[in-house]
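Just so you know, our numbering puts 259 at position 7 of the sequence shown, and the rest follows in order with no gaps.
Beta carbons: idealized from backbone N, C-alpha and C, even for Gly.
Predicted, not measured: the structure shown is a model, and the values here were computed from it.
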Amino acid sequence: MAVVFEKTRGLTDKETHYCPGCTHGIIHRLVAEVLEEMELLDRTVGVAPVGCSVLAYDYFNCDMHEAAHGRAPAVATGIKRVLPDRTVFAYQGDGDLASIGTAEIVHAAHRGEKITVIFVNNAIYGMTGGQMAPTTLIGQKTTTSPLGREESHSGNPIRIAEMLATIDGARFIERTSVHNPKAVRNTRRAIRDAFTTQQKGLGFSMVEVLSTCPTNWGMTPRDALGWLEDDMIPYFPLGNFRNVEQETEA
253 MAVVFEKTRG
263 LTDKETHYCP
273 GCTHGIIHRL
283 VAEVLEEMEL
293 LDRTVGVAPV
303 GCSVLAYDYF
313 NCDMHEAAHG
323 RAPAVATGIK
333 RVLPDRTVFA
343 YQGDGDLASI
353 GTAEIVHAAH
363 RGEKITVIFV
373 NNAIYGMTGG
383 QMAPTTLIGQ
393 KTTTSPLGRE
403 ESHSGNPIRI
413 AEMLATIDGA
423 RFIERTSVHN
433 PKAVRNTRRA
443 IRDAFTTQQK
453 GLGFSMVEVL
463 STCPTNWGMT
473 PRDALGWLED
483 DMIPYFPLGN
493 FRNVEQETEA
């Protein structure tokens, strides 16, 4: 019988620790599939963050490095500069990248570092108990905003993709999601485009992926997917914000 679908070589056989309904696993698989498809696995170094995906080094079947909280872009920068022939990516959540690591991500993009960042945005601190994150929506209830986030107190959620797209060194910036099959396919394409940007030596690339956190949102996995579509996407619109190759062609 012909094999029409099989597990990607880009992931190990280690069972993940993620909660039921969490979409980190989908995003892991997409990154792994793209690296395998592009024949980059054997020459790739990934950088794991602090957060729900802190154990990513157990799941990706490539060389991996752990970074201190928020410092994944700095670690990835060092690896890429020492080993410029390697494909280097950082995998970060919103608590890691958009809070303690904001300076790191901004300046990595500003310098045009030839790395790729997979930014998983689930609008909450997942690993540490569901506190309000920089990306938490107005009115969204968390353990540190039990009545809902208030603009007058905490400001509005930060839009990382839009911010980085204004930086010259950022050469590919796109926001996608994984809330339905079409969105998953588009995320796969965007991840490949981001790695292609790195392979061509064009500069910094990032894909922001809207993800779910049913446990800390207090929802079923099905309801969490619906909340992402109905509440997150209107504030964090999907789309490409910077693609230097298309700008050049235009």
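The residue among VAL496, THR380, ARG444 and VAL334 with its C-alpha nearest the C-alpha of GLY421 is VAL496. In the pairwise beta carbon analysis, the region 455–472 is classified as touching the region 262–276: at least three pairs are separated by under 8 Å.
Membership of ASN468 in any beta strand (DSSP E) is not indicated; the residue belongs instead to the alpha helix (DSSP H) covering 466–469.
A contact is defined here as three or more CB-CB pairs under 8 Å, and the region 377–392 meets this definition with respect to the region 298–307. ILE367 sits away from VAL459, with the two beta carbons spaced by 9 Å or more.
Burial state of ASN408 is exposed, judged by a 10 Å Cβ sphere holding fewer than 16 other Cβ atoms. The C-beta distance from LEU389 to ARG423 rounds to 29 Å, too long to fall under 8 Å, and the pair is not in contact.
Taking a contact to require three or more Cβ pairs closer than 8 Å, the region 349–368 and the region 322–332 qualify as touching. In this structure the region 437–444 lies against the region 283–295, because at least three pairs of beta carbons, one per stretch, are closer than 8 Å.
Around the beta carbon of GLN498, a 10 Å sphere encloses fewer than 16 other beta carbons of the protein chains shown; the residue is thus reported as exposed.
Beyond the five residues adjoining it in sequence on each side, THR387 comes within less than 7 Å, by CB distance, of ASP346, ALA350, ASN373, ALA375, PRO409 and ILE410 in the same chain, given in chain order. Bounds of the beta strand (DSSP E) holding THR296 are 296–300. DSSP places HIS317 within a strand segment (E or B) once states are collapsed to three. Selection TYR309, VAL256, HIS269 and PHE257 evaluated against LEU263 yields TYR309 as nearest (Cα-Cα).
The beta carbon of ASP315 sits closer than 6 Å to the beta carbons of VAL297 from its chain, once the five residues preceding and following it are set aside; these are given in chain order. A distance of 9 Å or more separates the beta carbons of ILE278 and ALA361. Scanning its chain for C-beta atoms nearer than 7 Å, with the 5 sequence neighbours on each side dropped, one finds around HIS269 the residues LEU307, in chain order. Linking ILE352 to SER406 through their CA atoms gives a straight-line distance of about 16 Å.
Contact between ALA417 and PHE493 holds, with the beta-carbon distance rounding to 4 Å and staying under 8 Å. For ILE352, no pairing in a beta bridge is given by DSSP. Shown here, GLN450 sits in a helix according to DSSP, grouped into three states. Ranked by Cα distance from TYR343, the first of HIS317, PHE257 and GLU267 is HIS317.
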